[in-house]
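Numbering-wise (my numbering), the sequence shown opens with residue 11 and increments by one. Ideal Cβ positions, reconstructed from N, Cα and C, are used throughout, including at glycine. In this text the structure is predicted, and so the values were computed from the model without any measurement.
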Amino acid sequence: MTSNLRDVLERFARGEISLDEAAREANLLSYREVGEMAKLDPRRVDRIGVPEAILAEGKSPSDLVDIVLSFLVASKAVLVTRVSPDQLAALREAPLPPGAELREEARAKAAVISRGWPPEPSGGKVGVLSAGTADIPVAEEARVTAELLGCDTAVEYDVGVAGIHRLFPSLEKMLDRDALVVAAGREGTLPAVVAGLTEAPVVGLPVSTGYGAGGGGEAALLSMLQSCSVMVVVNIDAGFVAGAFAAKIANQAANRRNM
């Protein structure tokens, strides 16, 4: 507990602030230190509706395990993205707390460590589409993220515009979705097409599967940003961000349905 957090609690005890005000201020101040390498934010989900994820890239297997175990002290679940085989092997051997299990998401190159799976359903519904098979790993990261946030997910992969007739049966299956994540590499056309055909909000997810001029996802990103269809666009390969944003939309829609 920081001295600032102590001040918040003392002000609440003296009746200077309400319980809701104290909770908001406490969520802004609370974090957990892991040595000198990390300051974890387990209360982020209470502030913004999306938990902190652990990006595995650049971390040694032992450091990653230390961070995960520290996170689980204050959280029921943690998502690890872009995890390598060596890091995954270390997580398999980690002394997880009672009731916690490691769920490996191979296609997403991710792992979820949680006490209980699946999470409590939020009522939100997210659809995830990919233009090509090569786009699936990034699309899967979005799916795993949305599921961690309690959403029901539906996926339709390899429905790109080079064979656009494949898209229409897939879109029919997405009519009940609150939000759609559409992943595409190369020229990145699919999200704009989907956004022009469906009422659901679309999150364009550019993927670094293209090569040559405009490769590495650059052409896909710029194409989506220039689209005349109404949609939002995240960074190249940002599956976590796309899934989290779509889940926030879907969960708010579910909350309105339940009012």
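- Here I246 is not near G222, since their CB atoms are 8 Å or more apart.
- As DSSP reads the structure, S239 sits in no beta bridge.
- Secondary structure note for S140: its beta strand (DSSP E) is the uninterrupted segment K135 to S140.
- The way I'd put it, the stretch 158 to 166 doesn't touch the stretch 200 to 209; fewer than three beta-carbon pairs between them come closer than 8 Å.
- The C-beta distance from V138 to V191 rounds to 5 Å, short enough to fall under 8 Å.
- In the DSSP assignment, T91 forms a beta bridge with L65 and A120.
- Contact between the stretch 144 to 152 and the stretch 208 to 225 is established, with three or more Cβ pairs separated by less than 8 Å.
- Distance check between L177 and each of S85, V60, G206 and R196 places G206 closest, using alpha-carbon atoms only.
- DSSP places A223 outside any beta strand (DSSP E), giving it a letter other than H or E.
- Spanning the alpha carbons of D168 and E26 requires a straight line of approximately 58 Å.
- With a contact defined as Cβ atoms closer than 8 Å, S132 and A264 qualify at about 6 Å.
- The alpha carbon of P108 has as its nearest neighbour, out of R125, R102, A118 and D96, the alpha carbon of R125.
- The Cβ neighbour count for S85, taken over all protein chains shown within 10 Å, is at least 16; the residue is labelled buried.
- Here E151 carries a helix assignment [DSSP, helix/strand/coil].
- A direct Cα-to-Cα measurement between A194 and G224 gives close to 14 Å.
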